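In the working numbering, the protein residues as written are 150 to 381.
Yeah, the Cβ is synthetic: ideal placement off N, Cα and C, and Gly gets one too.
Please read all numbers here as calculations on a predicted model, not as lab measurements.
The block underneath contains the structure these notes are about, expressed in structure tokens.
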């Protein structure tokens, strides 16, 4: 299996495989690697090309275009789109997690103990990632090293910035509580801005719906009698 994997991996550039592996790592519990992903992408593209070729008389004209479109969209649908969803989920979970962490730190515990208590009292993807970090510490990593490695598994810039601030606070000996207060305030402001942005988009959505459904219905009601008379 390893020989086949290394043979197939020669079809792709190392840079491409590294980029795909980075994205897969940030997906969380993905059970495949970059070579498997690229092989699946290539094989399904070939199958789609073959199916379209036998579909109709002019299929040989648009089959290449359909195959190329599928090949390009494959990464977006199965990696990029899922990464965006996971990023939003982690951003949403961040406020609750770090609020509990801050409350635990206020009780006088150190960062490691506070993380353990917070992780095992919250259920979320962000909590699971911190559990992995604490687990890695049992194999010799320091807390700061494990947190640095954790950033490679997180697609959220917001969460990564908080981790970076925690690491820097620990290095320079600043107050961890002051850092957490600032980060929580930032998360709250960010959520408020996101809510305001969604509210501001509502009139546009209503306008689109009214143009598509309501306006044609009103025109039909107004012009209906004239159309019936004209047809009659």
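Would you tell me roughly how many angstroms separate the C-alpha atoms of residue i and residue j, rounded to the nearest one?
i	j	result
residue 340	residue 374	51 Å
residue 305	residue 241	10 Å
residue 161	residue 193	16 Å
residue 342	residue 372	44 Å
residue 382	residue 318	Here the chain comprises residues numbered 150 to 381, so residue 382 is not present and cannot be evaluated.
residue 311	residue 204	53 Å
residue 190	residue 370	51 Å
residue 150	residue 185	Unreliable placement is indicated for residue 150, whose pLDDT of 41 sits below 50; the coordinate value is still reported in the next sentence. Straight-line Cα distance between these residues: approximately 12 Å.
residue 346	residue 271	29 Å
residue 285	residue 236	23 Å
residue 287	residue 179	23 Å
residue 349	residue 378	44 Å
residue 164	residue 170	10 Å
residue 367	residue 361	11 Å
residue 315	residue 269	20 Å
residue 295	residue 344	33 Å
residue 283	residue 356	50 Å
Check the C-beta distance from residue i over to residue j and give it rounded, since I have them as a contact under 8 Å.
i	j	result
residue 274	residue 222	Incorrect: roughly 26 Å between the Cβ atoms, too far for contact.
residue 174	residue 301	6 Å
residue 197	residue 219	5 Å
In chain order, what residues of the same chain have a beta carbon less than 8 Å from the beta carbon of residue i, not counting five sequence neighbours either side?
i	result
residue 308	239, 240, 243 and 275
residue 232	172, 175, 176 and 304
residue 167	183
residue 247	311, 329, 332, 333 and 336
residue 250	263, 264, 267 and 329
Keeping to the same chain, check which residues put their C-beta closer than 7 Å to that of residue i; ignore five residues upstream and five downstream.
i	result
residue 208	201 and 202
residue 278	299, 302 and 303
residue 255	326
Quick one: grab the DSSP three-state call for residue i.
i	result
residue 203	coil
residue 179	coil
residue 373	helix
residue 301	helix
residue 225	helix
residue 220	helix
residue 161	coil
residue 271	coil
residue 288	coil
residue 323	coil
residue 259	coil
Output needed for residue i: all residues of its chain with C-beta closer than 6 Å, excluding positions within five of it in sequence on either side, in chain order.
i	result
residue 266	253
residue 228	172
Please decide whether residue i counts as near chain D, where near means a Cβ-Cβ distance under 9 Å.
i	result
residue 165	Among the protein chains of the structure shown there is no chain D, as only one such chain exists.
*Would you be able to state if there are at least three C-beta pairs under 8 Å between the stretch 250-264 and the stretch 323-334?*
yes
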